[in-house]
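Just so you know, we're using the numbering used here here: the sequence shown kicks off at 38 and counts up by one. For each residue, glycine too, the CB sits at the ideal point set by N, CA and C. What follows is a short report on a single structure.
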Amino acid sequence: MHDPQHPLTTSEQLHAAALDVFPGGVSHNIRYFEPHPIYIARASDSRIWDVDGNEYVDFWMNHMASVLGHAYPDVVEAVTEQARDGLHYGAPNEVALELGRLVRTFVPSAERVRFCASGTEATMYAVRLARAHTDRDRILKAEGGWHGGNTDLSVAIHAPYDQPETAGLPPGVTEQVHAFPVNDPDAVVDLLERYRGEVAAIIVEPMLLAGGGVTATDEFLRTLREECDARGCVLIFDEVVTGFRVSPGSYQARIGVLPDLTTLGKFLGGGLPVGALAGRAELFEPARPDIDVPPVERVIAGGGTFSMNPMTAAAGVASLRVLDDEPVFAYTESRAERVRTELAALFEELNVDSVVLGESSLFLPHFAPEGPLDSVGAVETKTDRDALRAYHVRLLEHGYYFLPGHMGSVSYQTTDAQLDGFLDATRTVVGQLRG
Ligand code: PLP
């Protein structure tokens, strides 16, 4: 019940109003948290401000998409210039071609590229192309793997992994999609043997970010490549998060394992809505409108009003150019490494039982781990998730914005002084939570 002694903040008032508009007051479930979501008024460099005038250092960074930070000058300039020439045409345009060429230049497995408006669409089309190419139906995915709201892959995201993730799935989805624990090659081979000749594709994120920060080992990814080659399955890397984040060529370039199809998003749009599907030209043949494809073999792999949006493309081109010209990886990775190391040392000093996961520019602590956090299942079921959310909610009060329970992301504009402040705030928060 609202205490009349304490007037509601503007965020609280807006959330109360939003409950009559959006289910639960939000348009993305993970943006809901207790006591209430915070309404953001503006964002610039590494900071965001809420509607009540509070300033935060932002570690959520637009679902980890804004690697360069908010309102990066080159990106703002490119988008402003493009806006004068129109927001969208629903027609081919040169700037989108330029972005497509950059994807081909950067991402080693990208012989062809299709743009869409979200990572969700990209994974949906990837699965469809793989099924059409192999004439098989079954898909293997990782436990805890998040590939967007894509119906085809909305299983085995949270434990228990053998239950449907959501109501409303057609029976075919749960019957045809099988999950393996990441870094367990035997489990993958078992599934491939059980469904011999029936598996169309294996889809995996090289780093499972919604899965708490567990990273697939190079060896595991190499095994997936070999198994797919041996069995005629399509290997899909979901690089919506890792794309352009870990190296210009994305995760595949870093480890030298090339998938058949790659899904991209987030950073690629420079902060605007985007998705892309890239891969071997042969796989895209049935999606070509310029050749005769028999109707039963034709694949719709693209179809969005806002695909090839020039605003997104302008932001993407400007962002990729910054990657080319500036030490973005060296900066973000070294600062995140600093956070991972110093956070772990601080928790140890304060006797907080924890493990800090994450790679590249990302970091996430887990509390009270029972045993090694070597699988998504262990992270999810053998750590104190409530403690993590409580830690993040308290940090909000100190001016450090995390989406409670989710990955932190260091941007190119995050400063060392801000990281010092965040580590100090962590010390204070631990004291407060211990009461
Ligand atoms: N794939 C991965 C690995 C993601 O993390 C996400 C979103 O967080 C998606 C796909 C879906 O992308 P979008 O949110 O743009 O639909």
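Residue environment, residue i, which counts as buried when at least 16 other CB atoms sit within 10 Å
i	result
residue 64	exposed
residue 83	buried
residue 333	exposed
residue 38	Only weak support is given to the placement of residue 38: the predicted model assigns it a pLDDT of 49, under 50, and the value that follows is read from those uncertain coordinates. It is exposed - the Cβ of residue 38 has fewer than 16 other Cβ atoms within 10 Å.
residue 71	exposed
residue 465	exposed
residue 66	exposed
residue 127	exposed
residue 240	buried
residue 412	buried
residue 388	exposed
residue 58	exposed
residue 403	buried
residue 417	buried
residue 378	exposed
residue 318	exposed
residue 409	exposed
residue 443	buried
residue 44	exposed
residue 242	buried
residue 233	exposed
Cα-Cα separation, residue i to residue j
i	j	result
residue 435	residue 469	12 Å
residue 60	residue 52	11 Å
residue 177	residue 471	43 Å
residue 462	residue 345	43 Å
residue 102	residue 316	22 Å
residue 298	residue 146	8 Å
residue 455	residue 231	52 Å
residue 426	residue 324	44 Å
residue 133	residue 153	11 Å
residue 122	residue 438	35 Å
residue 73	residue 430	10 Å
residue 170	residue 160	15 Å
residue 85	residue 166	39 Å
residue 415	residue 347	43 Å
residue 158	residue 459	36 Å
residue 195	residue 204	14 Å
residue 363	residue 99	21 Å
residue 163	residue 336	11 Å
residue 96	residue 90	18 Å
residue 303	residue 106	13 Å
residue 206	residue 119	40 Å
residue 473	residue 420	Outside the displayed range of the chain (38 to 472) lies residue 473, so it cannot be described from this structure.
residue 343	residue 292	33 Å
residue 78	residue 87	5 Å
residue 125	residue 313	17 Å
residue 358	residue 108	15 Å
Simplified DSSP assignment, three categories, for residue i
i	result
residue 358	helix
residue 38	In this predicted model, residue 38 has a pLDDT of only 49, less than 50, meaning its place in the structure is not dependable enough to derive any value.
residue 55	helix
residue 77	strand
residue 341	coil
residue 474	In the structure as shown, the chain begins at 38 and stops at 472. Residue 474 is therefore absent and cannot be evaluated.
residue 437	strand
residue 470	helix
residue 238	strand
residue 394	strand
residue 60	helix
residue 85	strand
residue 229	helix
residue 365	helix
residue 456	helix
residue 347	helix
residue 193	coil
residue 383	helix
Beta strand (DSSP E) runs wholly inside the segment 306-339, at least 3 long, in chain order = Runs found: 312-316.
Which full runs of the alpha helix (DSSP H) of 4+ residues lie inside the segment 245-319, going along the chain?
-> If we require 4 residues or more, the alpha helix (DSSP H) runs fully inside the segment 245-319 come out as 255-268, 287-292.
Three CB pairs or more closer than 8 Å across the segment 171-184 and the segment 247-254 = Three or more beta-carbon pairs separated by less than 8 Å link the segment 171-184 to the segment 247-254, which places the two stretches in contact.
What residue ranges within the segment 137-176 form continuous beta strand (DSSP E) runs of no fewer than 3 residues, ordered along the chain?
-> DSSP runs (the beta strand (DSSP E)) wholly in the segment 137-176: 149-153.
Contact between the segment 255-264 and the segment 184-197: three or more CB pairs below 8 Å?
-> No, they do not touch.
Minimum length 4: unbroken alpha helix (DSSP H) runs contained in the segment 90-145 | Counting only runs of 4 or more, we get 98-101, 110-121, 131-143.
Taking one C-beta from the segment 274-291 and one from the segment 211-223 each time, how about it: are there three or more such pairs within less than 8 Å?
-> Result no; under three Cβ-Cβ pairs closer than 8 Å.
Tell me, please, whether the segment 298-313 touches the segment 350-366 by the rule of three or more beta-carbon pairs shorter than 8 Å.
-> Under the 8 Å Cβ criterion, the segment 298-313 counts as touching the segment 350-366, having at least three qualifying pairs.
For the 8 Å Cβ check, are there 3 or more pairs between the segment 363-377 and the segment 395-403?
-> With a cut-off of 8 Å, the segment 395-403 and the segment 363-377 count as touching, because enough Cβ pairs lie within range.
Does the segment 137-151 touch the segment 190-200, meaning 3 or more C-beta pairs lie closer than 8 Å?
-> The count of Cβ pairs closer than 8 Å, one atom from the segment 190-200 and one from the segment 137-151, stays below three, leaving the stretches out of contact.
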